[in-house]
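The next block holds one structure in the form of structure tokens; read it before the comments.
Numbering (our numbering), first residue to last: 109 to 486.
See below:
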């Protein structure tokens, strides 16, 4: 039993180190971006680094996940790292080959469709500047579709996580000898069938796993170049100038999700409805404001930080924020959610609202709950 306690501690230390390494990298990236005159991206990346410092400390003292789920997560991070390194190696070899072909002025036909797609991607990323001040509306829709992750999290918490736990229990009973060899005695598995605690913890597992998938690829994009990012290749996304020498918006929003969910797990935000109200307002209100503003915005407002917003987008964002709050936490607390969204999204800021909204909207609603003493739903 002492051996497995050591293994559990080793996985926990590894996970904490993962967050501390991310903290260091985000600080480096943030300083690099700030010096490159991308103050918005630089400060936002440094703020992510501060969050990762808190995550690492929290995991060291309390722990995000129990064993063996912390081990599952460490294995996942390792696999994502290997996949990204393999992808970057493939890209590097293709770039070298394409350069040799260009020098000798030979045209070599593509033998497989996969190579053709890969080479078109490389050309798009290297032959022209992949960063834009303004991106097409169609690509804006694709980028904002990532904001639907709030809905996926809701579904995960209330259903999928429990099903995953039940499936894991059935599977490990079928492969009991292998499980005992890798993870210890089967009786020490922390959850039972239809265990509500499993839903809470597996949701956090999913959040950190999503962060690992997104951020490893994004760090490679920043340090080595956008053509080496497997995330860019899979999503075919276009990049804004704000993302040059800085983390992407998907990193900000997942970091905000994890921070607020950590507050829920520690019961600083004791009601899960407050958490989901906050992240859904952060996701859907921001997406609504951006898309409505781009499509129908006629009355433009230039903020002090030179960002251009529209009154139509503002109305759409605040309206969606209030409606979501009304459904999840009631009409009184919905007002606070809409106000915080307005303050973080529309007042001039040097920090990404994608990280501020998921953190400060749930905190603002919870502050009002404590202040008024009325039950959630009023």
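Where is the CB? At the ideal position from N, CA and C, for every residue including glycine.
How would you write the range of the alpha helix (DSSP H) that residue i sits in, first residue to last?
{"i": "residue 146", "result": "Where residue 146 is concerned, there is no enclosing alpha helix (DSSP H), given that its DSSP letter is neither H nor E."}
{"i": "residue 332", "result": "304 to 332"}
{"i": "residue 284", "result": "284 to 291"}
{"i": "residue 360", "result": "357 to 373"}
{"i": "residue 237", "result": "That residue, residue 237, is in no alpha helix (DSSP H); it is neither H nor E in DSSP."}
{"i": "residue 466", "result": "461 to 480"}
{"i": "residue 394", "result": "394 to 404"}
{"i": "residue 175", "result": "Segment: none, residue 175 is in no alpha helix (DSSP H) and carries neither H nor E."}
{"i": "residue 387", "result": "380 to 388"}
{"i": "residue 263", "result": "257 to 263"}
Spatial neighbours of residue i within its chain, please: C-beta separation below 7 angstroms, excluding the five flanking residues on both sides.
{"i": "residue 221", "result": "The predicted position of residue 221 is uncertain, since its pLDDT is 47 and thus under 50; a value taken from the coordinates is nonetheless stated next. So no residue of the chain qualifies."}
{"i": "residue 366", "result": "163, 315, 316 and 319"}
{"i": "residue 173", "result": "181, 309, 312 and 313"}
{"i": "residue 133", "result": "327"}
{"i": "residue 442", "result": "430, 433 and 434"}
{"i": "residue 284", "result": "294"}
{"i": "residue 179", "result": "119 and 291"}
{"i": "residue 444", "result": "472, 473 and 476"}
{"i": "residue 157", "result": "131, 134, 135 and 138"}
{"i": "residue 372", "result": "380 and 383"}
Output needed for residue i: all residues of its chain with C-beta closer than 6 angstroms, excluding positions within five of it in sequence on either side, in chain order.
{"i": "residue 184", "result": "317"}
{"i": "residue 421", "result": "397, 400, 401 and 405"}
{"i": "residue 393", "result": "425, 428, 429 and 449"}
{"i": "residue 137", "result": "153 and 330"}
{"i": "residue 188", "result": "320, 321 and 324"}
{"i": "residue 227", "result": "none"}
{"i": "residue 151", "result": "458 and 459"}
{"i": "residue 289", "result": "none"}
{"i": "residue 169", "result": "none"}
Give the secondary structure of residue i by DSSP, where H, G and I count as helix, E and B as strand, and everything else as coil.
{"i": "residue 201", "result": "helix"}
{"i": "residue 455", "result": "coil"}
{"i": "residue 492", "result": "An answer regarding residue 492 cannot be provided, because it is not within the stretch 109 to 486 covered by the chain."}
{"i": "residue 170", "result": "coil"}
{"i": "residue 152", "result": "helix"}
{"i": "residue 418", "result": "strand"}
{"i": "residue 409", "result": "strand"}
{"i": "residue 347", "result": "strand"}
{"i": "residue 117", "result": "helix"}
{"i": "residue 221", "result": "In this prediction, residue 221 scores a pLDDT of 47, lower than 50, which makes its location untrustworthy; the coordinate-derived value is nonetheless stated afterwards. Three-state DSSP puts residue 221 in a helix."}
{"i": "residue 439", "result": "helix"}
{"i": "residue 337", "result": "coil"}
{"i": "residue 354", "result": "coil"}
{"i": "residue 182", "result": "helix"}
{"i": "residue 188", "result": "helix"}
{"i": "residue 486", "result": "coil"}
{"i": "residue 112", "result": "helix"}
{"i": "residue 162", "result": "helix"}
{"i": "residue 423", "result": "helix"}
{"i": "residue 137", "result": "helix"}
{"i": "residue 280", "result": "helix"}
{"i": "residue 376", "result": "coil"}
How about residue i and residue j: are their beta carbons less than 8 angstroms apart?
{"i": "residue 164", "j": "residue 153", "result": "no"}
{"i": "residue 477", "j": "residue 446", "result": "no"}
{"i": "residue 389", "j": "residue 429", "result": "yes"}
{"i": "residue 474", "j": "residue 380", "result": "no"}
{"i": "residue 337", "j": "residue 329", "result": "yes"}
{"i": "residue 322", "j": "residue 269", "result": "no"}
{"i": "residue 309", "j": "residue 274", "result": "no"}
{"i": "residue 202", "j": "residue 171", "result": "no"}
{"i": "residue 454", "j": "residue 417", "result": "yes"}
{"i": "residue 256", "j": "residue 459", "result": "no"}
{"i": "residue 387", "j": "residue 292", "result": "no"}
{"i": "residue 98", "j": "residue 159", "result": "Absent from the structure is residue 98, since the part of the chain shown begins at 109 and ends at 486."}
{"i": "residue 382", "j": "residue 470", "result": "yes"}
{"i": "residue 332", "j": "residue 197", "result": "no"}
{"i": "residue 341", "j": "residue 239", "result": "no"}
For residue i and residue j, which I take to be in contact (beta-carbon distance under 8 angstroms), what is that distance rounded to the nearest angstrom?
{"i": "residue 149", "j": "residue 354", "result": "2 angstroms"}
{"i": "residue 127", "j": "residue 192", "result": "About 18 angstroms separates the two Cβ atoms, so there is no contact after all."}
{"i": "residue 199", "j": "residue 335", "result": "6 angstroms"}
{"i": "residue 350", "j": "residue 146", "result": "7 angstroms"}
{"i": "residue 110", "j": "residue 175", "result": "No, residue 110 and residue 175 are not in contact; Cβ-Cβ is about 14 angstroms, not under 8 angstroms."}
{"i": "residue 294", "j": "residue 384", "result": "Actually they do not touch by this definition, with Cβ atoms about 34 angstroms apart."}
{"i": "residue 357", "j": "residue 465", "result": "Residue 357 to residue 465, Cβ: 11 angstroms. No contact."}
{"i": "residue 277", "j": "residue 287", "result": "Between residue 287 and residue 277 the Cβ distance is about 11 angstroms, and since that is not below 8 angstroms, they are no contact."}
Is residue i near the ligand FMN, judged by its Cβ being under 7 angstroms from some heavy atom?
{"i": "residue 318", "result": "Of the ligands one can find in the structure shown there are none, so the ligand FMN has no counterpart to examine."}
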